[in-house]
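Participant:
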Amino acid sequence: MILMITSTTDNLEGFKIVKYLGVVIGYGDDPDDALEDLIDVAEDMGANAVIGIRISNELTTEIISDENYAVPELTYYAYGTAVIVEKID
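Take 1 as the starting number for the sequence shown in the UniProt record's numbering and just add one per residue.
1) Is the stretch 37–47 touching the stretch 60–67, taking contact as three or more C-beta pairs under 8 Å?
2) With a Cβ-Cβ cutoff of 9 Å, do A82 and L21 count as a contact?
3) Expressed to the nearest angstrom, what Euclidean distance is found between the alpha-carbon atoms of I55 and N68?
4) Label L3 either buried or exposed according to how many other C-beta atoms from any shown protein chain fall within 10 Å of its C-beta, with 16 as the threshold for buried.
5) Give every residue of the same chain whose Cβ lies closer than 6 Å to the Cβ of I5, excluding the five residues on either side of it in the sequence, and list them in chain order.
6) Report whether the distance from the Cβ of E13 to the nearest heavy atom of the ligand PLP is below 8 Å.
7) Contact check, I84 vs A47 under 8 Å by CB: the rounded distance?
Below, the structure is given as structure tokens:
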């Protein structure tokens with residue numbers, strides 16, 4: 001497992017961004033699950049940091065046709081930019 005740096009800012013003090021790998025998105029039943037999924041995706045891309053992280057949620061309704069009622073579901077999304085950074089000496 002890589003030590004993943006995560007930040008809500010677009011810059012990391014003491015580090016320089018050497019490569020932008022792209023947008024990453026994770027989702028889950030709570031904010032921590034969404035962030036964990038985001039980190040897994042970024043690791044798979046070869047990133048060692050994710051910057052500009054934002055978390056949002058969406059309320060949807062699942063219709064249970066057999067029982068004729070709706071069940072609300074809340075899904076959290078985490079998104080940011082996967083990057084490779086190097087420490088500045």
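Cβ coordinates follow ideal geometry from the N, Cα and C atoms, glycine included.
Facilitator: In this structure, then:
1) Not touching, per the Cβ criterion.
2) With respect to L21, A82 sits close: the two C-beta atoms are nearer than 9 Å.
3) Distance between the alpha carbons of I55 and N68 is about 32 Å.
4) With fewer than 16 neighbouring CB atoms inside 10 Å of its own CB, L3 falls in the exposed class.
5) Excluding its 5 nearest sequence neighbours in each direction, I5 has C-beta neighbours in its own chain below 6 Å: A49, listed in chain order.
6) Although the ligand PLP was asked about, the structure shown includes no ligands whatsoever.
7) Confirmed, Cβ separation roughly 6 Å.
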